[in-house]
Amino acid sequence: METVKTQDVTFNDLAWKIKYTPDRCTMCGSCVAACTFNAIEARIERRSITVSTGHQPEPNQRHIAVPVIRQKNSVANACVGCGMCEKVCPNNAIQPIRNEDSRLNVVGRAGGNPLKRGGRTNLNAERVLDKIIVGRISQMTDPSLDSERHTFDVLAPFGRVLLPQELPFSVENGEIKMQGWVPPVHWIYPLIFSDMSIGALSTRAWEALSLATAYLNEKHKMPVRMCSGEGGMPVKLMESEYLKYSIIQIASGHFGWNRIVRALPKMKVDPAGILIKIGQGAKPGDGGLLPAAKVAEHIQAIRGVPKADLLSPPNHQGLYSIEESVQKMFMSMNAAFKFRVPVAIKCAASATSVSVYNNLLRDPYKICGGFFIDGIQGGTGAANEVSLDHTGHPVVSKLRDCYQSAVKQGSPGRIPLWAGSGVGMTGNAAADAFKMICLGANGVFMGKLLIQLMGCVGNEKGRCNACNTGFCPTGICTQDPRLVKRLDIDRAAQNIVEYMLAFDAEFKKLMAPVGNSSLPVGRSDALVTNDRAVADKLSITYAC
Amino acid sequence: MYRINTLQNNERMSTQDLLQAINAAIEAGESDFSIEASGQHDIGGPLWHPEGKKLRFTVTNPGQRVGCMCLENTEIIVEGPASADVGWLNAGGKIVVKGDGGDTSAHCAASGKIYIGGRVGTRSGSLMKYDPLYSAPEFWVLKNCGSFSFEFMSGGTAVICGYDSKEFASVVGDRSCVGMVGGKLYFRGDGHGLSTKDVKVSALGQDDIEYLSNGMTEFLADIGRPELMAELTCWDEWRKVVPWTYEERPKKASADILSYRKTEWVPGGIFGDVCDDDWQVMGLVATGKYRQRVPFWENMKYMAPCEFNCTASIPSQQRFNLLREGKVDEAYRLVLEYTPFPGSVCGAVCMNLCMDECTRSQVDISAQIGRLGTYSADVQIPTVAEKTGKKVAVIGGGPAGLSAAWQMARDGHEVTVYEAHEAMGGKMEQVIPRSRLPHETLEMELARIEKMGVRFITNYPVDKAKFAAIRHENDAVVVASGGHVTKIIPWPGHERIVKGLDFLKAVNRGETVKVGKRVIVIGCGNSGMDAAVGAYQMGAEQVVCIDVQRPAAFQKEIDHVQELGGELIWPVFTKEITEAGIITQTGELIKGDMVIITIGESPDLSFLPAGIELDRGCLKPAADWSVAEGIFTAGDTTKPGRLVDAIGMGRQAALAVSAYLTGTQYIGEQKNKIPATRLKTAYFKKCHSCDLPSAKEEYNRCISCGTCRDCHMCMKSCPENAISRIASKEAGGFEYVVDAGKCIGCGICAGICPSGIWAMYNNAEAINMYKIV
């Protein structure tokens with residue numbers, strides 16, 4: 034008899050329990066072979082009983098030793114609910130079940146280490162966007178548009194937009210001429226594939242995103258842009274024509290920038306933009322984190338680092354104020370690309386976001402080409418759970434505050450507002466993007482849904498979220514070649530392309546009814562909510 | 084001919100009045116109308132004559148929806164142009180507009196004919212349908228259409244003749260045929276902007292030409308332009324448009340990443356400089372180098388608990404395996420490689436540490452490993468033919484010395500054992516009661532040692548001089564003189580104490596020793612129990628055994644004493660010994676007229692040469708068991724211990740001596756116990772103690788921890804048939820191997836192996852995908 038003590042961790046302490054039906058199992062071993070978390074194992078079970086089959090007590094002992102699949106009883110081998118076992122089981126004999134009475138939060142910190150994971154916040158996953166509906170539909174009022182046939186300008190600015198009077202026009206010999214420098218502005222698709230780094234994603238996943246981006250541009254004329262994330266750019270991409278679809282990120286660790294700088298003379302085209310990352314909605318106030326398990330050889334090469342836990346500082350070491358950021362970082366990034374490439378900045382949404390935006394609006398050099406606000410529902414490849422679940426700011430009201438502040442100052446759209454976090458959390462990114470745009474965003478950015486399209490099974494209810502471990506069962510968030518090879522790059526890209534085509538159609542299905550041919554930026558009159566508080570906070574119509 | 088002029092005296096008839104007037108006239112039997120309209124809507128339908136006569140309208144200047152919902156048997160001729168929605172929902176009438184039509188001409192027409200002698204506006208022909216109960220609608224236009232024509236068209240035929248339309252980019256207007264799913268469109272001239280996702284464009288076939296030729300004459304005649312016949316019937320200027328069928332339509336958006344990546348994308352991929360990717364896609368279950376984990380057959384990597392706990396390291400699981408294989412003699416001989424006393428010690432007086440943690444005890448009770456020794460008591464093994472020519476002396480013929488001598492003789496050395504007593508055996512001979520250690524067993528095993536070539540010299544106490552001589556005559560000496568000086572604690576009255584060792588030796592010699600009526604034994608180890616039993620044998624009435632801690636004696640020995648009436652008390656701390664007995668530190672008196680002490684012995688090493696260091700009276704050998712050049716030691720000379728400890732040390736010292744004599748390196752024993760989690764006891768049915776087999780049949784109960792029991796469970800359970808058993812030079816003559824090409828790394832072998840031989844490790848085979856460049 035095995036002695037089990039109350040303080041022993043057993044699988045009913047873990048977040049996921051394996052439900053196993055031995056009658057259906059053929060011991061083919063697929064589930065165990067597929068599990069990257071080493072969370073299940075084969076064992077032998079004793080099935081010894083004394084039965085009586087006679088007309089009176091006639092003890093008859095039956096002993097049988099049965100092979101079974103069993104969950105491991107340890108935090109280190111905890112099941113994360115990815116469901117690969119269920120996926121490969123030919124007989125539907127095994128599946129992970131969410132444990133309502135999980136004590137993982139209690140026992141998981143044994144050893145004195147904070148809990149770490151990837152994914153999104155699991156605690157603040159409630160969505161305001163779902164309380165908002167597109168309530169002002171053209172019904173015999175404005176001419177409604179037909180989403181199938183109408184020509185829509187689904188385009189958003191990335192770059193500093195000047196007011197007409199600021200443009201350097203002059204009249205020469207009766208002709209209008211523009212002389213002098215004008216800040217670069219690219220009109221791009223209002224959904225940016227947001228910054229997931231080459232450390233966070235596998236080579237195949239990152240390249241699938243690049244492929245999808247290029248394909249949408251070249252075959253479907255959708256000017257989608259993809260942000261590199263912090264951590265460098267593949268050199269061959271920088272030397273290719275496809276660089277024009279890339280927004281290159283610089284964050285506090287400046288990882289990978291040596292190779293970016295050295296690639297400058299070899300660039301045939303300019304990148305689409307530069308994004309200075311100050312903070313990230315998933316873990317505001319905390320820097321990037323790439324666990325050693327994911328620092329593979331190519332990461333070491335591109336980043337110029339040894340195999341180790343790579344932490345970026347929470348702040349850019351050389352920046353001390355908003356003004357200094359504008360002067361130094363915006364200037365350096367504009368200068369590096371000869372003032373031809375728009376430069377924007379991304380901050381975690383915060384109680385102070387409006388102040389930051391107001392300050393940027395005063396930018397005297399007109400080199401601030403966009404303000405990206407990332408809310409608490411943003412995703413990450415690795416963070417302390419305390420940061421994921423307990424820090425951050427909902428993005429919707431903050432976006433609205435910034436937009437209204439710009440309106441009050443008479444300058445909406447001069448520094449385009451881009452908002453993200455949780456876009457596509459329910460699977461319908463078009464609705465989320467549309468509502469955000471109506472509330473004042475020029476465009477939105479989205480990451481998590483893209484990897485979900487590639488095959489990521491993680492969600493906001495604690496499923497998987499093991500992006501930080503290197504054991505990603507889908508080969509997306511890992512640098513282990515054994516797992517990376519699980520990912521079909523073409524299917525991954527294909528899924529994204531097809532989703533984006535649907536997104537485009539769905540987005541137009543929302544633009545048409547409100548009668549907008551161009552993006553309805555700030556058309557909050559198109560929105561209603563049945564939540565009084567949301568209506569009040571966002572200044573949209575309350576309806577019930 | 085019924086005429087209506089809708090303008091009378093500058094008064095315009097309303098649409099309602101006009102339509103009611105027409106209705107009244109038809110009711111009155113009129114069927115032929117000439118209407119000078121002034122923009123009135125809906126002229127011409129839906130109307131029918133009470134007697135079924137054909138209705139005919141000649142109209143000028145109509146408003147919107149002329150001929151709307153027109154029924155068959157109605158003909159409408161509009162002299163000049165018409166406004167929007169000509170023939171809207173036409174259900175069978177014939178409508179001829181000699182001038183231009185407006186927007187959405189023929190919108191939703193489902194039957195009948197609509198002829199337009201000029202141009203039509205935007206969205207004309209949209210949503211035309213074909214009802215299979217009736218004839219299909221026809222829509223003929225002499226010139227061209229505005230944009231978005233034929234949207235959602237699903238039936239009927241439209242003909243756009245493209246006359247006088249050179250100035251337009253497209254005779255069907257921009258973005259024609261969006262959403263078209265049925266019907267046919269013919270056009271002449273440029274058809275730029277057609278929705279190619281909905282329709283396909285082709286040249287005319289014979290059927291098409293036939294249809295158009297036939298229809299053209301009537302159309303041109305009706306609109307009054309017969310002279311255009313030749314110009315409009317150059318059929319190579321015409322094109323036919325039909326929608327893609329449901330089957331032909333792509334159900335998915337057009338996207339083909341695979342061919343894009345292969346033909347247009349950055350060659351070798353964007354990470355090509357730092358990543359060699361073959362783009363192979365592995366399934367969730369993989370074999371060979373893509374397995375996540377790999378099984379290893381780790382036979383005998385770990386010791387079974389019996390082997391681990393036995394201080395002589397006897398691998399009893401191997402003995403049971405040999406028995407299971409039917410190799411009985413080999414099984415019984417195997418133990419002799421570890422001890423010369425399997426009968427005297429393992430099978431008789433050993434406390435059998437081997438059985439303490441026997442994995443079988445988790446199922447029911449430990450395998451009877453100790454008893455197994457008795458089967459080896461009279462087993463003989465051949466002497467060693469090859470001698471080394473080296474001479475070794477052993478001082479002391481007890482378990483340590485004889486163990487060393489046995490091993491050294493088996494190594495081919497010439498061994499002499501010097502014993503002070505008159506018989507060999509040390510404490511086994513002198514102290515342990517014959518009731519516990521049958522003397523004939525001991526004698527048998529001593530004889531076996533002698534037979535191996537060991538020379539016994541008894542009655543030979545060694546002093547300094549003799550030792551020097553022995554050392555001189557031998558290549559090495561093993562000091563194993565044991566501990567024979569009884570420890571006594573100098574309590575007040577300690578001179579009254581009888582030394583347990585002396586008492587037991589006397590009993591074993593068969594002497595009659597005078598004992599008291601009430602005897603107190605200090606020390607409740609096995610020696611204490613032996614002394615208590617001895618005291619009863621010598622006539623004591625009551626024996627009380629005391630100890631400062633829980634009695635260390637075997638339960639069996641304690642039971643024996645208690646059966647005789649003895650009493651064990653602990654913890655008791657002695658303060659003083661008096662005539663009346665022992666006074667404890669708490670002041671109690673334990674009555675007794677004789678006190679025997681059995682709390683251990685220390686060695687007498689006075690015979691050793693100067694310069695050999697002692698620690699609290701004991702020798703402190705180096706890691707190779709040496710205490711000086713060529714002088715080794717084992718057993719109670721180093722610290723008081725059990726018989727099995729002495730035997731284990733004796734063997735190790737012998738190995739060290741052999742290494743010394745052959746100039747090799749002695750490597751001390753490394754002992755790793757198998758982790759309990761590797762063992763699977765579920766296979767084993769619980770056995771009632773009354774069902775226990777004899778010890779030599781215990782191989783069925785032995786789990787064979789850490790040593791393959793060759794049960795084939797792994798082979799038979801492997802879902803991929805990846806495991807096979809092959810002959811090998813490994814111990815046992817076989818090994819199990821894995822075919823990496825079949826193995827998926829599921830770990831079922833490791834999960835079900837009863838003996839814990841298989842273990843899974845992360846696949847260490849490198850996949851050279853990424854590089855630092």
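Same order as they appear, the protein sequences are chains D and F.
Per our numbering, numbering through the first sequence is continuous, rising by one, with the last residue being 577.
Per our numbering, numbering through the second sequence is continuous, rising by one, with the last residue being 856.
Built from N, CA and C at the ideal position, the CB exists for glycine as well.
Terminal residues of the alpha helix (DSSP H) in which residue i lies
i, result
"residue 293 of chain D", "290-296"
"residue 741 of chain F", "726-745"
"residue 121 of chain D", "117-121"
"residue 546 of chain D", "522-547"
"residue 200 of chain D", "First-last for residue 200 of chain D: undefined, no H or E at that position."
"residue 24 of chain D", "Any answer about residue 24 of chain D is impossible in this case: the structure gives chain D only from 34 up to 577."
"residue 369 of chain D", "364-369"
"residue 539 of chain F", "Taken as a continuous stretch (DSSP letters only), residue 539 of chain F belongs to no alpha helix (DSSP H), being part of the beta strand (DSSP E) at 538-540."
"residue 239 of chain D", "236-253"
"residue 589 of chain F", "583-591"
Simplified DSSP state of residue i, which is helix, strand or coil
i, result
"residue 499 of chain F", "strand"
"residue 315 of chain D", "coil"
"residue 465 of chain F", "coil"
"residue 19 of chain D", "The structure shown has nothing for residue 19 of chain D, since chain D only spans 34 to 577."
"residue 407 of chain D", "strand"
"residue 106 of chain F", "helix"
"residue 783 of chain F", "helix"
"residue 221 of chain F", "strand"
"residue 841 of chain F", "strand"
"residue 169 of chain F", "coil"
"residue 550 of chain F", "helix"
"residue 358 of chain F", "strand"
Neighbourhood of residue i by C-beta distance below 6 angstroms, restricted to the same chain and skipping five residues each side
i, result
"residue 309 of chain D", "283, 362, 378"
"residue 382 of chain F", "791, 840"
"residue 566 of chain F", "684, 685, 686, 719, 723"
Beta-carbon proximity list for residue i, same chain, < 7 angstroms, skipping 5 on both sides
i, result
"residue 66 of chain F", "Not covered by the structure: residue 66 of chain F. The range shown for chain F is 84 to 856."
"residue 514 of chain D", "none"
Residue span of the beta strand (DSSP E) that contains residue i, given as start and end
i, result
"residue 523 of chain F", "Careful: residue 523 of chain F lies outside any beta strand (DSSP E), inside the alpha helix (DSSP H) at 522-534."
"residue 119 of chain F", "115-119"
"residue 219 of chain D", "218-221"
"residue 158 of chain F", "157-162"
"residue 137 of chain D", "Counting along the chain, residue 137 of chain D falls outside any beta strand (DSSP E), though it belongs to the alpha helix (DSSP H) covering 137-140."
Own chain partners of residue i with C-beta closer than 8 angstroms, once the 5 adjacent residues on each side are dropped
i, result
"residue 771 of chain F", "447"
"residue 284 of chain F", "274, 277, 322, 323, 324"
"residue 783 of chain F", "407, 776"
"residue 307 of chain F", "181, 200"
Check each residue of the stretch 727-746 of chain F: if its Cβ is closer than 9 angstroms to any Cβ of chain D, include it; give the result in chain order. Listed in sequence order: no entries.
Please list, in chain order, the residues of the stretch 508-522 of chain D that have any C-beta partner in chain F closer than 9 angstroms. Flagged, chain order: 508, 512, 513, 514, 515, 516, 517, 518, 519, 520, 521, 522.
Positions along the stretch 830-845 of chain F whose CB lies within less than 7 angstroms of some CB in chain D: With the criterion set as a beta carbon lying under 7 angstroms from some beta carbon of chain D, the members of the stretch 830-845 of chain F are 830, 831, 834, 835, in sequence order.
Check each residue of the stretch 53-86 of chain D: if its Cβ is closer than 7 angstroms to any Cβ of chain F, include it; give the result in chain order. Answer set for the stretch 53-86 of chain D: 60, 61, 62, 63, 65, 66, 67, 69, 74, 75, 76, 77, 78, 79, 81.
Could I get the ranges of all uninterrupted beta strand (DSSP E) runs contained in the stretch 59-113 of chain D, with 3 residues as the minimum, in chain order? Residue ranges of uninterrupted beta strand (DSSP E) with 3 or more members, entirely inside the stretch 59-113 of chain D and ordered along the chain, are 73-79, 82-85, 92-95, 98-104.
Members of the stretch 225-241 of chain D that neighbour chain F once the beta carbon cut-off is set at 9 angstroms: Of all residues in the stretch 225-241 of chain D, 231, 236, 237, 239, 240, 241 have a Cβ within less than 9 angstroms of some Cβ in chain F.
Within the stretch 421-490 of chain F, ranges of the alpha helix (DSSP H) (whole runs, at least 4 residues): List check, alpha helix (DSSP H) in window: 452-455.
Interface positions of the stretch 319-342 of chain D facing chain F (Cβ-Cβ less than 7 angstroms), listed along the chain: So the close ones are 329, 330, 331, 333, 334, 335.
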